[in-house]
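Take a look at the structure below.
There are 2 protein chains.
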Amino acid sequence: MSIRNPKQALYEQFAIVAKALGHPLRLEMIEHLAQGARSVEALAAKLGQPVANISQHLQALRRAGIVAAERDGKFVRYALADESVLTAVASVRAVAERHVAEVDRIVRSYFETRDDMRPVSRNELQALMRDGLVTLIDVRPPDEFALGHVPGAINVPLGEVKAWSHSADTSREVVAYCRGPWCVMSFEAVAALRSLGHSARRLEDGMPEWKAAGLPVEMAA
Amino acid sequence: MSIRNPKQALYEQFAIVAKALGHPLRLEMIEHLAQGARSVEALAAKLGQPVANISQHLQALRRAGIVAAERDGKFVRYALADESVLTAVASVRAVAERHVAEVDRIVRSYFETRDDMRPVSRNELQALMRDGLVTLIDVRPPDEFALGHVPGAINVPLGEVKAWSHSADTSREVVAYCRGPWCVMSFEAVAALRSLGHSARRLEDGMPEWKAAGLPVEMAA
DNA sequence: CTGTCATTCAATCATTCCATTGAATGACGA
DNA sequence: TCGTCATTCAATGGAATGATTGAATGACAG
Chain A
1 MSIRNPKQAL
11 YEQFAIVAKA
21 LGHPLRLEMI
31 EHLAQGARSV
41 EALAAKLGQP
51 VANISQHLQA
61 LRRAGIVAAE
71 RDGKFVRYAL
81 ADESVLTAVA
91 SVRAVAERHV
101 AEVDRIVRSY
111 FETRDDMRPV
121 SRNELQALMR
131 DGLVTLIDVR
141 PPDEFALGHV
151 PGAINVPLGE
161 VKAWSHSADT
171 SREVVAYCRG
181 PWCVMSFEAV
191 AALRSLGHSA
201 RRLEDGMPEW
211 KAAGLPVEMA
221 A
Chain B
1 MSIRNPKQAL
11 YEQFAIVAKA
21 LGHPLRLEMI
31 EHLAQGARSV
41 EALAAKLGQP
51 VANISQHLQA
61 LRRAGIVAAE
71 RDGKFVRYAL
81 ADESVLTAVA
91 SVRAVAERHV
101 AEVDRIVRSY
111 FETRDDMRPV
121 SRNELQALMR
131 DGLVTLIDVR
141 PPDEFALGHV
151 PGAINVPLGE
161 VKAWSHSADT
171 SREVVAYCRG
181 PWCVMSFEAV
191 AALRSLGHSA
201 RRLEDGMPEW
211 KAAGLPVEMA
221 A
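Here the protein sequences line up with chains A and B, keeping their order. Each residue of the first sequence is one higher than the one before, counting from 1 in the UniProt record's numbering. Each residue of the second sequence is one higher than the one before, counting from 1 in the UniProt record's numbering.
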């Protein structure tokens with residue numbers, strides 16, 4: 001593994017980063033870390049994985065400069081190194097969306113009505129919110145909501161959408177968002193609301209992208 | 001390997017793309033394909049690798065939707081699927097440049113004078129060329145130059161830089177470019193020219209980025 | 001100092017990846 | 001139709017990766 005020449009040495013380093021992104025579980029970890037910093041244990045719980053496994057994957061991500069670790073008493077809090085990570089994940093996703101037939105197949109079979117659900121863009125949402133025309137719900141778990149959400153959003157975790165909808169005004173359109181562009185929860189929330197007679201749409205992507213776009217973020221009281 | 005749920009299925013697909021980028025040789029292949037479409041054999045020759053090896057890596061890239069294959073008589077010509085691939089590689093590179101200490105170390109030890117070599121931006125180059133203030137040289141091999149180059153550039157392959165410099169006007173600044181931001185050839189060309197008394201700088205990146213930026217490209221006659 | 005708890009390390013096994021070799025395929029030209 | 005040549009396939013061995021287990025580390029509380 002001697003360094004042959006600078007170009008190959010550099011490509012080896014770039015490959016380490018790409019390789020670190022090349023595992024489904026690590027991509028899911030990044031999605032969760034994009035909501036906010038987490039301890040190893042908390043992340044493991046979110047993903048339903050053994051702690052040791054998550055720890056090892058976190059170290060792979062750290063070697064690649066994708067996440068940063070910070071000791072906090074007994075805990076070690078991991079967070080994304082910076083927004084460039086989200087950009088990288090998004091661009092990998094873009095390649096897959098354009099060229100991998102399997103992605104299209106999955107989207108069609110699971111999100112059949114996706115085209116019906118014309119997503120709401122961030123700009124559009126801002127206008128709708130300003131004019132008070134829609135109810136915005138954040139369908140992520142409360143802890144993620146607490147770490148930052150779109151101003152004016154109500155936290156309605158996915159499991160409570162049905163109950164919530166009974167107390168909501170059916171004539172008012174609902175916009176739902178969650179962790180990111182392919183986070184399933186907002187798809188399901190919209191589907192549930194529609195089956196209950198609501199008018200509902202998704203935000204085009206999730207909290208991390210909203211934040212990365214420099215838009216205001218509200219923290220829990 | 002059954003499909004558990006749509007989210008995991010999607011992440012598996014995204015991981016395939018990232019994994020395909022996670023090998024130094026494949027990254028180098030992408031750099032070459034970014035110069036123009038190539039047959040398997042031609043690419044293998046460029047990289048000094050056995051044809052079968054390159055063929056297998058190309059298939060991994062094709063499965064990931066990164067390259068596209070097209071039969072051309074006896075040959076199969078491979079090309080990048082589209083510009084989104086360059087974006088993805090660039091964003092992976094950006095993560096590495098920001099956060100992988102090793103990248104910094106390599107850059108320092110091999111390109112020590114890098115800071116001295118303030119690169120010329122594309123906009124700056126266009127202004128300089130318009131005013132006729134600099135000589136622009138393309139230090140890639142002639143076949144790559146033929147597939148597209150910056151208008152007004154002279155093809156001076158790296159090996160011929162020294163000879164060429166004797167016939168060139170020493171008082172005129174030279175700008176060199178090659179395959180991309182980390183292509184070694186332009187670094188070396190600039191170093192050689194400076195040691196021969198020329199004033200020389202690099203273009204900030206290479207041909208593929210120039211083209212991707214929508215700037216004009218000139219083909220060989 | 002000791003116990004507790006979050007995290008990391010070390011070792012194992014199964015799986016996948018990678019390079020190499022030589023044979024098979026597929027298209028062209030004679 | 002046959003030979004040639006570019007490419008792909010199949011099989012091999014060696015290396016790296018990933019999940020699991022249990023032990024080791026490191027920091028805090030008492």
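Where is the CB? At the ideal position from N, CA and C, for every residue including glycine.
Give me the Cβ distance between residue i and residue j, rounded to the nearest whole Å; I'm assuming they're in contact under 8 angstroms.
| i | j | result |
| --- | --- | --- |
| Tyr177 of chain A | Arg194 of chain A | Not confirmed; about 16 angstroms, so no contact. |
| Leu27 of chain A | Phe14 of chain B | 6 angstroms |
| Ser84 of chain A | Arg98 of chain B | 6 angstroms |
| Val17 of chain A | Ala64 of chain A | 5 angstroms |
| residue 292 of chain A | Tyr11 of chain B | Any property of residue 292 of chain A remains undetermined from this structure, which presents chain A solely from 1 to 221. |
| Ser88 of chain A | Leu21 of chain A | First, the residue type needs correcting, since residue 88 of chain A is Ala and not Ser in the sequence shown. Indeed, because the Cβ distance is near 7 angstroms, the residues count as touching under 8 angstroms. |
Give every residue of the same chain whose Cβ lies closer than 8 angstroms to the Cβ of residue i, excluding the five residues on either side of it in the sequence, and list them in chain order.
| i | result |
| --- | --- |
| Ser186 of chain A | Val139, Ala176, Tyr177, Cys178, Arg202, Leu203, Gly206 |
| Val76 of chain A | Ser39, Val40, Ala69, Glu70 |
| Leu43 of chain A | Met29, His32, Leu33, Ile54, Leu58, Tyr78 |
| Lys49 of chain B | Just to set this straight, residue 49 of chain B is Gln in the shown sequence, not Lys. Contacts found: Leu25. |
| Val51 of chain A | Val40, Glu41, Ala44 |
Pull up the distance between the alpha-carbon of residue i and that of residue j, whole angstroms please.
| i | j | result |
| --- | --- | --- |
| Met117 of chain A | Val150 of chain A | 20 angstroms |
| Ala189 of chain B | His198 of chain B | 11 angstroms |
| Arg108 of chain A | Trp182 of chain A | 13 angstroms |
| Glu124 of chain B | Ala101 of chain A | 41 angstroms |
| Lys19 of chain B | Gly132 of chain A | 45 angstroms |
| Val161 of chain B | Ala192 of chain B | 8 angstroms |
| Ala153 of chain A | Asp169 of chain A | 16 angstroms |
| Gln137 of chain A | Trp164 of chain A | Rather than Gln, the amino acid found at residue 137 of chain A in this sequence is Ile. Each residue's alpha carbon lies about 10 angstroms from the other. |
| Gln35 of chain B | Glu144 of chain B | 6 angstroms |
| Arg93 of chain B | Pro119 of chain B | 18 angstroms |
| Met129 of chain A | Leu215 of chain A | 13 angstroms |
| His166 of chain A | Pro141 of chain A | 20 angstroms |
| Leu196 of chain A | Asn155 of chain A | 19 angstroms |
| Gln56 of chain A | Gly180 of chain A | 25 angstroms |
| Ser91 of chain A | Val103 of chain B | 21 angstroms |
| Glu209 of chain B | Ala37 of chain B | 16 angstroms |
| Arg105 of chain B | Ala96 of chain B | 12 angstroms |
In chain order, what residues of the same chain have a beta carbon less than 6 angstroms from the beta carbon of residue i, not counting five sequence neighbours either side?
| i | result |
| --- | --- |
| Ser172 of chain B | One point to set straight first is that residue 172 of chain B is Arg, not Ser, in the sequence displayed. Contacts found: Thr135. |
| Ala220 of chain A | Ala146 |
| Ile3 of chain B | Residue confidence for Ile3 of chain B is low, a pLDDT of 45 falling below 50, so the modelled location carries little weight; the figure read from the coordinates is stated next. Excluding positions up to five away in sequence, the list reads Ala9. |
| residue 223 of chain B | Outside the displayed range of chain B (1 to 221) lies residue 223 of chain B, so it cannot be described from this structure. |
| Lys46 of chain A | His32 |
How would you list, in chain order, the residues of chain B whose beta-carbon sits under 8 angstroms from the beta-carbon of residue i?
| i | result |
| --- | --- |
| Arg98 of chain A | Gly65, Ala81, Asp82, Ser84 |
| Gly159 of chain A | Result: empty, since nearest Cβ-Cβ is about 16 angstroms, beyond 8 angstroms. |
Might you give, ordered along the chain, the residues of its own chain that have their beta carbon closer than 7 angstroms to the beta carbon of residue i, omitting 5 neighbours on each side?
| i | result |
| --- | --- |
| Ala213 of chain B | Arg122 |
| Leu158 of chain A | Val139, Met185, Glu188, Ala189 |
| Lys211 of chain B | Gly148, Val217 |
| Val67 of chain B | Leu33, Leu58, Leu61, Tyr78, Ala79, Leu80, Ala81 |
| Lys7 of chain B | none |
| Met1 of chain A | With a pLDDT of 37 at Met1 of chain A, under the threshold of 50, the predicted position of this residue should be treated as unreliable, and no value is reported. |
| Asn5 of chain A | none |
By the criterion of Cβ-Cβ separation under 8 angstroms, what are the contact partners of residue i in chain A?
| i | result |
| --- | --- |
| Gln13 of chain B | Ala96, Val100, Glu102, Val103, Ile106 |
Which bits of chain B does residue i rub up against, with CB to CB less than 7 angstroms?
| i | result |
| --- | --- |
| Tyr110 of chain A | Pro6 |
| Val92 of chain A | Phe14, Val17, Ala18, Ala88 |
For a contact defined as C-beta to C-beta under 9 angstroms, what are the partners of residue i on chain A?
| i | result |
| --- | --- |
| Trp182 of chain B | Pro6, Lys7, Leu10, Tyr11, Phe14 |
| Val190 of chain B | Going along chain A, no residue has its Cβ under 9 angstroms from Val190 of chain B, so there is no contact; the nearest lies around 14 angstroms. |
| Lys19 of chain B | Ala18, Lys19, Leu21, Gly22, His23 |
Give me the chain A residues within the contact set of residue i, using Cβ-Cβ distance strictly less than 7 angstroms, ordered along the chain.
| i | result |
| --- | --- |
| His23 of chain B | Ala15 |
How would you list, in chain order, the residues of chain B whose beta-carbon sits under 9 angstroms from the beta-carbon of residue i?
| i | result |
| --- | --- |
| Lys74 of chain A | The contacting residues do not exist; Lys74 of chain A stays about 26 angstroms from chain B at best. |
| Glu28 of chain A | Lys7, Gln8, Tyr11 |
Within 6 angstroms: the Cβ of residue i and any heavy atom of the ligand SAH?
| i | result |
| --- | --- |
| Ala90 of chain B | With respect to small molecules bound, the structure shown includes none, and the ligand SAH cannot be examined in it. |
Restricting to runs no shorter than 3 residues, where is the beta strand (DSSP E) found entirely within the region 145-178 of chain A? 173-177
Entirely enclosed beta strand (DSSP E) segments - the UniProt domain "HTH arsR-type" (6-104) of chain A, minimum 3 residues: 67-72, 75-80
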